[in-house]
Amino acid sequence: MNRQFPMCTLPKRRDFLLSLGVTPSIFSTAAPRFNVLLIAVDDLRPELGCYGNTLIRTPNIDRLARRGVRFERAYCQYPLCNPSRTSLLTGRYPTTTRVLDNIRYFRDEFPDRLTLPQLFRRNGYVTARTGKIYHGVIDDAPSWDEGGEPVLRRQAPSPEQRARQARNSDRWEATPGEGEDQPDFRTATRAIELLEKYKDRPFFLGVGFVKPHSPLVAPRKYFDLYDPARMPLPADFAPRPTLPPGVPAAALPERNGDLFIDREATPEAAREMIRAYYACVSFMDAQVGRVLDKLEALGLRERTIIVLFGDHGYHLGEKGKWSKHNSLYEVATRVPLLIVAPGTARENAVCPRTVELVDLYPTLAELCGLQPPSGLEGQSLVPLLRNPRSSWEHPAYTVTLRGKIFGRTVRTERYRYTEWDPEGSQAELYDHRDDPGERRNLAAEASHAAVRKQMRALLARLPATPPS
Ligand SMILES: [Ca+2]
């Protein structure tokens, strides 16, 4: 007598399991159990061979790009490590996570958030981390079977600590040898060990490299790839942060973070610094290569989804600014994003649509047949992996908070529109068809009033409220 077990209990059981982030296998699709290798790179803007830079040497990331889809217009949601990574790993915009600095831990306010690696962990994957996936002292033990550490006590640095950090950050250094003692080399070595250890299980492995974050330290052999005299300076290079005419003052902080802090950048010093950034990118690329070689040697290539991303963009002298803090310009918000997804049958493809790092959570869940939790704010990129030119209605959003100044920007394939106050009286509008360097603000031009109105309406759709 089966009547005691009516079929309607199955959906209830399914809903209960889904509420826990568990995808019951009886209801899941027949998707194969792909592994996930998530490679995070700190402060990497798309300064890579596969993104058209003919000077930089990044052979390993370039070969990864040839295997999948390269996103030409991918954007972070906040130009700073912790807010950007928290957004990606929880699948929500920074104004929803309420993490808008490098101090706050998302579980302080939302203790039950199901993170991206945690979703995989709950569904039978082993999850492991090496290097920087969350930010600094903020790790998230519930996300990881291995590598997760309790969150340490966090507090803002004292003025003395801040000065010491700035001195250590604002420099470059060429070191002897292969860099075996440097964090990224050790991170790759650990990733190789973890691949060996978990090669027979479905795994989600996060590998986080910290170069090219400052200080720009890398082995000498990578500096030797570049002649400092040949390093390109941007067209709007200036010794100090310099507002273009007709731009709201809020758009550019007067003070740099990370590099050229409270000092002028001469063209010679700027070229040396850009060379050091390139050297760090090439060093990091070599470590990516070691991990990819191991993955292939273990025969995991066809069973592993690989994502590589930069956590935000970076100014290398554009508008006289260095690093990323509080900038909503293209160079601070645009990131490299590569996705290699076996089974989507796309190789060496370029996607021109505007996509966001917050999209990665639903994307990886769908690729692996896992039911994501409710409340995610990104869009699955799977349609674009199948057809990189398919239609796509979603623009990209980035926000930044500096004191009481809350800036928001929206990017479509052609335009960027930014507001620095709720009324929109301090605004920027750039037409990337004619002005990829964002040097001519069209927000006040009568000829662009209709475009501005459309972009303003898009900005209003950002699912978030300004922080209180
Ligand atoms: Ca970063």
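Residue numbering for the sequence shown follows our numbering, starting at 1 and increasing by one per position. Quick reminder that beta carbons are idealized off the backbone N, C-alpha and C, glycines included. Remember, predicted model here, so these are calculated numbers, not experimental data.
By the neighbour-count criterion, in which 16 or more other beta carbons inside 10 Å mark a residue as buried, E196 falls on the exposed side. Just so you know, the alpha carbons of N387 and E347 end up roughly 11 angstroms apart.
Going down the chain, each residue whose beta-carbon is closer than 5 angstroms to a heavy atom of ligand 1 shows up: D42, D43, C81, D311. Cα atoms of P183 and G208: separation of roughly 10 angstroms, rounded to the nearest angstrom. Judged by DSSP secondary structure, N256 falls outside any alpha helix (DSSP H); it is assigned neither H nor E. In the DSSP annotation of this structure, the continuous segment of the beta strand (DSSP E) that includes F203 starts and ends at 203-209. Spatial neighbours of Y329 in its own chain (CB-CB distance under 6 angstroms, excluding positions within 5 residues in sequence) are listed in chain order as E438. Here the region 175-189 makes no contact with the region 105-113; the two share fewer than three CB pairs at distances below 8 angstroms.
Considering only L259, V399, G177, the residue with the shortest C-alpha distance to D224 is G177.
Nearest in C-alpha terms to H312, of all of E268, L298, V358, A297, is V358. Here the region 57-70 makes contact with the region 323-341; the two share three or more CB pairs at distances below 8 angstroms. Around the Cβ of Q77, a 10 Å sphere holds 16 or more other Cβ atoms; the residue is buried. Comparing alpha-carbon positions, the option among T90, R290, P267 lying closest to T363 turns out to be T90. The beta carbon of L80 is closer than 7 angstroms to those of N102, H312, K324, H325 in its chain, skipping five residues each way along the sequence. Secondary structure of G403 (DSSP, three-state): coil.
The beta carbons of C280 and K221 sit no closer together than 8 angstroms. The C-alpha of F34 lies about 16 angstroms from the C-alpha of L385.
With a cutoff of 8 angstroms on beta-carbon distance, P157 and Q165 are scored as near each other.
A residue is called buried when at least 16 other Cβ atoms come within 10 angstroms of its Cβ; K404 does not meet this threshold and is exposed.
When the five nearest sequence neighbours on each side are left out, the beta carbons in the same chain lying within less than 7 angstroms of the beta carbon of V291 are those of A188, A191, I192, V207, in order along the chain. In the DSSP assignment, E72 falls within the beta strand (DSSP E) that extends over 69-75. The count of Cβ pairs closer than 8 angstroms, one atom from the region 237-244 and one from the region 255-264, reaches three, so the stretches are in contact. Sequence-distant partners of P142 (beyond 5 residues in either direction) whose C-beta falls short of 6 angstroms from its own C-beta, in its chain, are Q118.
N35 carries a strand assignment under DSSP once its states are collapsed to helix, strand and coil. For L337, the uninterrupted beta strand (DSSP E) segment begins and ends at 337-340.
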